[in-house]
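Position one of the sequence shown corresponds to residue 1 (our numbering), numbered consecutively onward.
To start, the structure itself, in structure tokens.
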Amino acid sequence: MLIRLIDALVIGALLFAAIEDIRGMQVRNAYPGFLLGLSLGRVALNRPPFIQVLTGVGLVFGVLYVFWHFGGIGGADVKILTALAVGEGMGIWVVLLLACAVFIAYALVLRRTREALPFVPAICVGYLLVWLMI
1 MLIRLIDALV IGALLFAAIE DIRGMQVRNA YPGFLLGLSL GRVALNRPPF IQVLTGVGLV
61 FGVLYVFWHF GGIGGADVKI LTALAVGEGM GIWVVLLLAC AVFIAYALVL RRTREALPFV
121 PAICVGYLLV WLMI
């Protein structure tokens, strides 16, 4: 029951972050911080092995840091996905895969009119799709 509440709060926070990203291509640090708190709550409830959490977070951050370093993704995207990885573990890769598919779909349509596109809305949809599958 509490896990579903945490999921609903995560989706709500991602929705507000997505709106902020669409409006100004920037997301306040409060969103990744809030998501990290929710992810830590999920870890406290599920009690996964620490090495599993550490591996998931380390891999996600490491891969996304490279993309951020070369300008392919924004800092907020890295922080949000890393915060979500704390609670999702290796399941964050499914969220990221779905987010990339959503991003490609709307990039094909919007890329002609905009140079940079927000990624947080795609993360939000990816997380929502995973939540609906469970």
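Glycine is no exception: its CB is placed at the ideal position from the N, C-alpha and C atoms.
The alpha helix (DSSP H) with M1 in it runs from where to where? Counting along the chain, M1 falls outside any alpha helix (DSSP H), and DSSP gives it neither H nor E.
Would you mind reading off the limits of the alpha helix (DSSP H) that contains I73? Segment: none, I73 is in no alpha helix (DSSP H) and carries neither H nor E.
Using the rule of at least 16 other Cβ atoms within 10 Å of the residue's Cβ for burial, across every protein chain shown, is A122 buried or exposed? buried
In angstroms with no decimal places, state the Cα-to-Cα distance between P48 and R112. 44 angstroms
Ordered along the chain, which non-local residues of its own chain (more than five positions away) have a Cβ less than 6 angstroms from that of K79? P32
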